[in-house]
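Input: a single structure, listed below in structure tokens.
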Amino acid sequence: METVVKTDTSVLKGVPKVAIIGAGVSGLISARHLKDIAHIKVYESKQDIGGCWLYTEESERNHPDLDSNAYYKLYGNLHSSLYHNLLTNIPKECMTWKDHYHHEDTPYIMPSETFLEYIREYVDKFELTQYIEFNRAVTSLRRVEETEENSHKFKIEHVHTNTKEESEVVEEYFDYVMVCNGHFSTPKIPDFKGKDNFKGFQMHMHELRKMEPEDFDDKNVLIVGSCFSAHDLVINILFREDTKDLVHPKKVFITSRSTTLLEKSEDYKDIQNQNLLEIKSGNIDEIKEDSVVFGDGSEEQIDTIIYATGYKYSFPFIDPDQKIVEFDSKGTNGSYFGPLYKKMFCINEPNIFFIGVVERILIIHSTYERQILLAKEVIQGKITLPSKQEMLEDLASEIENHEKYGKDLSYFYRFNPAGYTYADYNKDLEALTSMEIDTTNYSALKPANEARSELMKAGNEVQIKNIDYSEYLDGIEFKPTSSTF
Numbered sequence: 001m002e003t004v005v006k007t008d009t010s011v012l013k014g015v016p017k018v019a020i021i022g023a024g025v026s027g028l029i030s031a032r033h034l035k036d037i038a039h040i041k042v043y044e045s046k047q048d049i050g051g052c053w054l055y056t057e058e059s060e061r062n063h064p065d066l067d068s069n070a071y072y073k074l075y076g077n078l079h080s081s082l083y084h085n086l087l088t089n090i091p092k093e094c095m096t097w098k099d100h101y102h103h104e105d106t107p108y109i110m111p112s113e114t115f116l117e118y119i120r121e122y123v124d125k126f127e128l129t130q131y132i133e134f135n136r137a138v139t140s141l142r143r144v145e146e147t148e149e150n151s152h153k154f155k156i157e158h159v160h161t162n163t164k165e166e167s168e169v170v171e172e173y174f175d176y177v178m179v180c181n182g183h184f185s186t187p188k189i190p191d192f193k194g195k196d197n198f199k200g201f202q203m204h205m206h207e208l209r210k211m212e213p214e215d216f217d218d219k220n221v222l223i224v225g226s227c228f229s230a231h232d233l234v235i236n237i238l239f240r241e242d243t244k245d246l247v248h249p250k251k252v253f254i255t256s257r258s259t260t261l262l263e264k265s266e267d268y269k270d271i272q273n274q275n276l277l278e279i280k281s282g283n284i285d286e287i288k289e290d291s292v293v294f295g296d297g298s299e300e301q302i303d304t305i306i307y308a309t310g311y312k313y314s315f316p317f318i319d320p321d322q323k324i325v326e327f328d329s330k331g332t333n334g335s336y337f338g339p340l341y342k343k344m345f346c347i348n349e350p351n352i353f354f355i356g357v358v359e360r361i362l363i364i365h366s367t368y369e370r371q372i373l374l375a376k377e378v379i380q381g382k383i384t385l386p387s388k389q390e391m392l393e394d395l396a397s398e399i400e401n402h403e404k405y406g407k408d409l410s411y412f413y414r415f416n417p418a419g420y421t422y423a424d425y426n427k428d429l430e431a432l433t434s435m436e437i438d439t440t441n442y443s444a445l446k447p448a449n450e451a452r453s454e455l456m457k458a459g460n461e462v463q464i465k466n467i468d469y470s471e472y473l474d475g476i477e478f479k480p481t482s483s484t485f
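Take the sequence shown: its letter number 359 is residue 359 in UniProt numbering, and every next letter is one higher.
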């Protein structure tokens with residue numbers, strides 16, 4: 001491939017250059033907040049905005065030529081993990097960005113298409129399209145030495161997503177990098193004994209576009225996992241009025257490392273009594289050609305296996321030789337990388353910010369926005385980060401506290417209601433910033449969150465989907481992130 005070095009003569013001296021990788025939620029909010037203080041470029045590998053909220057029928061199963069897709073060759077997957085008919089699982093107030101509110105008639109729990117339209121309106125409102133380079137896959141991010149010709153810290157290489165259409169490699173140089181490539185696209189699949197011998201159909205939830213009758217009808221379907229997407233699939237197959245008649249499995253089985261919440265759920269009792277759903281404890285011992293042996297000693301004939309087993313963090317464009325970040329070697333299967341200070345600042349290279357890697361947060365989008373506003377203040381020089389040694393010591397203390405609650409590093413970027421909570425994390429971010437924070441809106445969310453948490457502890461995911469948030473939130477003016485900055 002031909003390499004082209006791209007320089008931008010329009011960049012004013014002293015104005016920092018910032019690369020933003022990804023035009024999903026984190027990337028677009030980053031663009032909005034940084035465009036007035038820096039020269040920014042947003043690299044998006046798809047032909048449209050939205051990130052994980054952009055649905056496409058195109059998949060690894062039907063793409064005509066995967067070898068020509070630079071993104072696929074880099075990540076090993078093609079599209080976001082958004083499936084057809086997905087509904088959000090938190091109220092719209094928790095998916096609101098500063099200075100951009102949802103329409104009054106937008107339901108509290110909305111279809112994914114409605115939220116994508118909210119994203120499009122945001123891009124139009126803040127005129128962000130001009131900063132986005134579509135169909136550009138970032139293939140390399142390297143630290144470089146400053147020279148007389150180049151005063152920037154990082155070299156980024158990017159290519160056209162369709163290498164048949166355009167094959168040249170473009171090099172550009174930047175002072176800061178916002179890594180906003182998301183973490184819901186690279187599947188994490190356990191390596192069960194005998195998995196490769198299975199003669200039926202198996203896929204990860206990432207591959208699910210629509211529920212196809214050929215994969216479900218008159219079949220015994222096994223769902224592996226017990227988190228959000230596993231429950232979503234059970235609800236879509238057996239509960240939701242607009243989806244439950246799309247496919248007709250013979251029976252649905254579900255198993256996981258822990259089935260405690262599944263077994264105590266009141267929501268699933270009726271369909272269990274009708275023999276439509278069976279919970280298998282003990283996870284999987286072995287997968288055979290047409291059956292599965294479970295940890296409880298039972299064996300069931302299975303036709304379709306769907307892995308709702310989560311996703312890995314993946315940054316294949318970061319040069320591993322430079323050790324900017326490293327993945328844990330203790331068997332977390334891509335669930336931990338670092339070292340990061342406050343779960344966002346790259347300790348080995350503090351001019352790189354990882355936005356949105358945290359999860360299990362009710363106020364998820366305003367947490368991302370707060371991270372971005374904090375990064376902005378670092379770029380502006382309003383905040384000086386601690387020394388490398390101090391950041392490493394802070395991280396070591398954080399990991400020690402995390403492990404006190406019996407959690408391994410697989411769960412480090414998830415918040416623990418019994419330990420370090422998302423509220424604690426937001427307070428820690430606030431303590432670093434010069435912004436004046438208005439938290440009254442979050443107090444207003446507390447009753448709704450408590451109701452949701454109680455249902456979650458009881459395993460009643462169907463009831464969570466049906467919470468009447470108007471009872472808690474009608475009439476509350478919600479202003480996310482910060483009132484003054």
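Every residue, glycine too, gets a C-beta built ideally from N, C-alpha and C.
Computed from a predicted model, the values in this text were never measured in an experiment.
{"Check": "Below 8 angstroms, how does it come out for the region 79-92 and the region 206-225: are there three or more Cβ pairs, yes or no?", "Outcome": "yes"}
{"Check": "Please return the same chain residues whose Cβ sits closer than 7 angstroms to the Cβ of residue 23, not counting the five positions on each side in sequence.", "Outcome": "42, 44, 49, 51, 132"}
{"Check": "Under DSSP, the beta strand (DSSP E) around residue 4 begins and ends at which residues?", "Outcome": "3-5"}
{"Check": "What runs of the beta strand (DSSP E), each 3 residues or longer, lie entirely inside the region 135-221?", "Outcome": "136-143, 154-160, 169-174, 176-179, 201-204"}
{"Check": "Smallest Cα separation from residue 260: which of 227, 245, 289?", "Outcome": "227"}
{"Check": "With C-beta atoms as the reference, is residue 392 less than 8 angstroms away from residue 339?", "Outcome": "yes"}
{"Check": "Are residue 379 and residue 37 closer than 8 angstroms when you measure CB to CB?", "Outcome": "yes"}
{"Check": "If you pair each beta-carbon of the region 261-277 with each one of the region 105-118, do three or more pairs fall below 8 angstroms?", "Outcome": "no"}
{"Check": "Between the alpha carbons of residue 482 and residue 344, how many angstroms are there, rounded?", "Outcome": "The predicted position of residue 482 is uncertain, since its pLDDT is 48 and thus under 50; no value can be drawn from it."}
{"Check": "Going straight from the alpha carbon of residue 434 to that of residue 427, what length do you get?", "Outcome": "13 angstroms"}
{"Check": "Taking only the alpha-carbon atoms, compute the straight-line gap between residue 467 and residue 172 and give it to the nearest angstrom.", "Outcome": "48 angstroms"}
{"Check": "Just mark residue 452 as buried or exposed, buried being the case when its beta carbon has 16 or more other beta carbons within 10 Å.", "Outcome": "buried"}
{"Check": "Below 7 angstroms CB to CB, which residues in the same chain sit around residue 359 once its five sequence neighbours on both sides are set aside?", "Outcome": "413, 414"}
{"Check": "Would you be able to state if there are at least three C-beta pairs under 8 angstroms between the region 87-106 and the region 211-220?", "Outcome": "no"}
{"Check": "In three-state terms, what does DSSP make of residue 322?", "Outcome": "helix"}
{"Check": "Can you grab the Cα-Cα spacing for the pair residue 163 / residue 190, in whole Å?", "Outcome": "32 angstroms"}
{"Check": "Quick check on residue 147: buried or exposed, where buried means 16 or more other Cβ atoms within 10 Å of its Cβ?", "Outcome": "exposed"}
{"Check": "Look at the alpha carbon of residue 17 and the alpha carbon of residue 111, and state the distance between them as a whole number of angstroms.", "Outcome": "36 angstroms"}
{"Check": "Would you mind sorting residue 181 into buried or exposed? The rule is 16 or more other CB atoms within 10 Å of its CB.", "Outcome": "buried"}
{"Check": "From residue 403 to residue 187, what does the alpha carbon distance come to, in whole angstroms?", "Outcome": "25 angstroms"}
{"Check": "Do you know whose CA, among 167, 350, 248, 63, lies nearest residue 390's CA?", "Outcome": "350"}
{"Check": "Quick one: residues in its chain with C-beta nearer than 6 angstroms to the C-beta of residue 278, no 5 flanking neighbours on either side, listed in chain order?", "Outcome": "253"}
{"Check": "Looking only at its chain, what residues have a beta carbon closer than 6 angstroms to the beta carbon of residue 444, apart from the 5 residues adjacent to it on each side?", "Outcome": "476"}
{"Check": "Does residue 485 come out as helix, strand or coil in the three-state DSSP assignment?", "Outcome": "Because the pLDDT at residue 485 is just 35, under 50, the model does not fix this residue reliably, and the value given afterwards should be weighed accordingly. Residue 485 falls in the coil class under three-state DSSP."}
{"Check": "Whole angstroms are fine: how far does the CA of residue 139 sit from the CA of residue 362?", "Outcome": "33 angstroms"}
{"Check": "With a threshold of 8 angstroms on Cβ separation, who are the neighbours of residue 306 within its own chain once the five nearest residues in sequence on each side are excluded?", "Outcome": "202, 203, 204, 205, 208, 221, 222, 223, 224, 233"}
{"Check": "What number of angstroms, rounded off, separates the C-alpha of residue 134 from the C-alpha of residue 401?", "Outcome": "42 angstroms"}
{"Check": "If we ignore side chains and look at the alpha-carbon of each, how far apart do residue 145 and residue 408 end up?", "Outcome": "37 angstroms"}
{"Check": "So, for residue 257: in the same chain, excluding its five sequence neighbours on each side, which residues have a beta-carbon less than 6 angstroms away from its beta-carbon?", "Outcome": "283"}
{"Check": "Go to residue 378, then tell me how far its alpha helix (DSSP H) extends in each direction, as first and last residue.", "Outcome": "364-380"}
{"Check": "For residue 372 versus residue 29, is the C-beta spacing smaller than 8 angstroms?", "Outcome": "yes"}
{"Check": "Report all residues from its chain with a CB closer than 6 angstroms to the CB of residue 465; omit the five preceding and five following residues, and keep chain order.", "Outcome": "none"}
{"Check": "My output table needs one value for residue 277: the three-state DSSP class, helix, strand or coil.", "Outcome": "strand"}
{"Check": "Could you give the DSSP three-state label for residue 70: helix, strand or coil?", "Outcome": "helix"}
{"Check": "Are residue 357 and residue 313 touching if we call contact CB-CB under 8 angstroms?", "Outcome": "yes"}
{"Check": "From residue 32 to residue 94, what does the alpha carbon distance come to, in whole angstroms?", "Outcome": "19 angstroms"}
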